[in-house]
Amino acid sequence: MRFHLRIIATCLSLPFLMGCYAVETSRRSDVDSIPKLTYVRRYGAEFQVKRTRYFEIYFSPKQEKIASKAAGEVDGIYERLSRWMNCQLITPYKIFLLPNRRSVYRATGEMRDIGGAVTNRKGTLFVVAQYYNSHVITHELVHIFLRRKLHDKPIPIWFNEGMAEYLSHPNPTSDYMIDFIREKLKDKRLYSWRELERNIMLRKPEVTYLEAMGSVIFISRRFGEGRLKELLELYGRRDYDKPFSGALSDVYHMSSSDLEKACMDFLRGRNHEDRDR
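Shown next, in the form of structure tokens:
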């Protein structure tokens, strides 16, 4: 089984990205909304299972407090992303809260990721319990939604990771966020979108993830968030046969290279006109 790993926000020097933020979860009076507890054996260990409307949360007794927190918010996160993406996942989706990185290795065969992993196959997300927060789950679920929305079509890593960070923050286009990113990237070497495809994302996460998120922020702030959704709808069409760069050009009416240059100028603070007029 090939696993598609995503480094998570725990490797970034972003204190507000590490924190949890409030997610509105719909209240349900029916009995199905109450998490149900059962026991199963997976990966050579026994797990308890809490069930929510969209998820099955697997955890050891030591992680029960974290599992209860997750059960109280993951449905709200799912519903927000589902509305934004105009897409639904095949549920229930499994979330394994594992005790440490070694447990992730045993489950996935991979240790590159410090806190989380998403399988390429339908239905399983692994998170080291100590790293759990709403940002981590949102980030990973965005990857899953993008894969389903775009029918597994290839997308560049800057956009994939940039969207995961963008949708994991409650107000990504705020002046505060932009100033923060620019300050953190000040005097740092920025990588081209082509370079980011060469595994640099994992070697320089303190730069690359901010750069990826900043690129999506620029596109959203300048052209409007509605155009981001338009981009996903266009590229996700089964009858659309152009590469992702072609979809960028069709939606934003500029070449991918020109758009990249504009993003870099924005991240350096050289372009103060954030929106088209």
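Residue numbering for the sequence shown is 0 to 276, as defined by numbering that gives the first Met the number 0.
Here a beta-carbon is modelled for each residue, glycine too, at the ideal position from N, C-alpha and C.
Since the structure is predicted, the reported quantities are computational estimates derived from the model, not experimental observations.
Proximity of residue i and residue j at Cβ, strictly below 9 Å
{"i": "ASN99", "j": "VAL127", "result": "yes"}
{"i": "MET212", "j": "GLU160", "result": "yes"}
{"i": "LYS65", "j": "PHE54", "result": "The question names Lys, but residue 65 in the sequence shown is Ile. For ILE65 and PHE54, no; Cβs fall outside 9 Å."}
{"i": "TRP157", "j": "GLU78", "result": "no"}
{"i": "LEU266", "j": "ILE180", "result": "yes"}
{"i": "PHE144", "j": "PHE95", "result": "no"}
{"i": "MET263", "j": "LEU189", "result": "yes"}
{"i": "SER177", "j": "ILE218", "result": "According to the sequence as given, residue 177 is Ile; it is not Ser. Contact: no."}
{"i": "ILE93", "j": "THR123", "result": "The amino acid at residue 93 is misidentified as Ile; the sequence shows Lys. Yes, the pair counts as a contact, with Cβ atoms nearer than the cut-off."}
{"i": "TYR42", "j": "SER102", "result": "yes"}
{"i": "ILE56", "j": "ALA70", "result": "yes"}
{"i": "LEU88", "j": "THR137", "result": "no"}
{"i": "GLU277", "j": "SER167", "result": "The requested residue 277 does not occur in the structure, where the chain is confined to residues 0 to 276."}
{"i": "ALA246", "j": "LEU230", "result": "yes"}
{"i": "TYR234", "j": "ILE154", "result": "yes"}
{"i": "CYS86", "j": "ARG147", "result": "yes"}
{"i": "ALA163", "j": "GLU139", "result": "yes"}
{"i": "ALA261", "j": "ARG236", "result": "no"}
{"i": "LYS68", "j": "TYR131", "result": "yes"}
Residue(s) in a DSSP beta bridge with residue i
{"i": "TYR92", "result": "PHE54"}
{"i": "PRO38", "result": "It should be noted that the sequence gives Tyr, not Pro, for residue 38. DSSP, once it has assigned bridges, lists GLN47 as partnering TYR38."}
Residue i: CB within 8 Å of a non-hydrogen atom of the ligand FAD
{"i": "THR207", "result": "No copy of the ligand FAD occurs in the structure displayed, which carries no ligand at all."}
DSSP state of residue i mapped onto helix, strand, coil
{"i": "GLN62", "result": "helix"}
{"i": "ARG269", "result": "coil"}
{"i": "LEU97", "result": "strand"}
{"i": "LEU189", "result": "coil"}
{"i": "CYS262", "result": "helix"}
{"i": "ILE200", "result": "A small fix is needed here, since residue 200 is Met in this sequence, not Ile. Residue state, collapsed to three classes: helix."}
{"i": "SER254", "result": "coil"}
{"i": "LEU102", "result": "Strictly speaking, residue 102 in this sequence is Ser, with Leu absent from that position. Three-state DSSP puts SER102 in a helix."}
{"i": "ARG82", "result": "helix"}
{"i": "SER248", "result": "helix"}
{"i": "ARG237", "result": "coil"}
{"i": "GLY225", "result": "helix"}
{"i": "SER214", "result": "helix"}
{"i": "THR24", "result": "Any reading at THR24 is ruled out, since the residue's pLDDT is 34, under 50, leaving its predicted position unreliable."}
{"i": "SER173", "result": "coil"}
Any chain D beta carbon closer than 9 Å to residue i
{"i": "TYR104", "result": "In summary, chain D is missing from the structure at hand, where a single protein chain is found."}
- Query: Within the chosen definition, does the segment 237-247 reach the segment 201-211 through at least 3 CB pairs nearer than 8 Å?
  - Reply: Between the segment 237-247 and the segment 201-211 there are fewer than three C-beta pairs closer than 8 Å, too few to call the two in contact.
- Task: May I have a chain-ordered list of the alpha helix (DSSP H) segments no shorter than 4 residues that lie completely inside the segment 128-171?
- Result: Correct list: 133-148 and 156-165.
- Item | Cβ contact check for the segment 255-263 and the segment 170-179: 3 or more pairs under 8 Å | no
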